[in-house]
Amino acid sequence: MVLSTSSSSSSVEEPLGQSSRTRHPPLRCPLGKQDPSPCTSPTPRRYKCTLCVKRFTRPSSLATHMHSHTGEKPYQCQEEGCGRRFSVVSNLRRHSKIHRKSQHRKSS
1 MVLSTSSSSS SVEEPLGQSS RTRHPPLRCP LGKQDPSPCT SPTPRRYKCT LCVKRFTRPS
61 SLATHMHSHT GEKPYQCQEE GCGRRFSVVS NLRRHSKIHR KSQHRKSS
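So the sequence shown is residues 1 to 108, counted in UniProt numbering.
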């Protein structure tokens, strides 16, 4: 049995018992391509992790990702008495802000 639903602009038929969720067309590339094919990355991800399925556009991104497999944390906080370590340098930079904020409070 088929349930027919209609709206002001179109009519949709779907099997009875299935939810009537809105169906959307596949995502298209926002880069202004005229080609109707789905969006693909303009840069090939040629650097593949040998331990999982992830791929990267830069060898440095693959190297950073490998820290997640090895557990290596090569970036250490230089603040005296802290010593926290991070596998991603941006996480160290974010962490360093807490020391700057606490130093600012002490000087106020």
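All C-beta atoms, glycine included, are put in the ideal place defined by N, C-alpha and C.
Cα-Cα separation between residue i and residue j, rounded to whole angstroms
i      : j      : result
Ser61  : Phe86  : 15 Å
Thr43  : Thr57  : 7 Å
Gln78  : Lys97  : 12 Å
Cys52  : Glu80  : 37 Å
Ser68  : Cys82  : 22 Å
Lys101 : Ser107 : 10 Å
His95  : Pro59  : 25 Å
Secondary structure of residue i, DSSP reduced to three states
i      : result
Lys97  : helix
Arg105 : helix
Option nearest residue i by Cα separation, candidates the options
i     : options                : result
Val89 : Leu51, Thr43 and Thr64 : Thr64
Beta-carbon proximity list for residue i, same chain, < 8 Å, skipping 5 on both sides
i     : result
Tyr75 : Arg85, Phe86, Ser87, Val88, Val89, Asn91 and Leu92
His99 : Cys77, Glu79 and Cys82
Arg55 : Arg45, Arg46, Tyr47, Lys48 and Cys49
Lys73 : His67, Arg85, Phe86 and Ser87
Nonlocal neighbours in the same chain, by C-beta distance under 6 Å from residue i, ignoring five residues either side
i      : result
Arg105 : none
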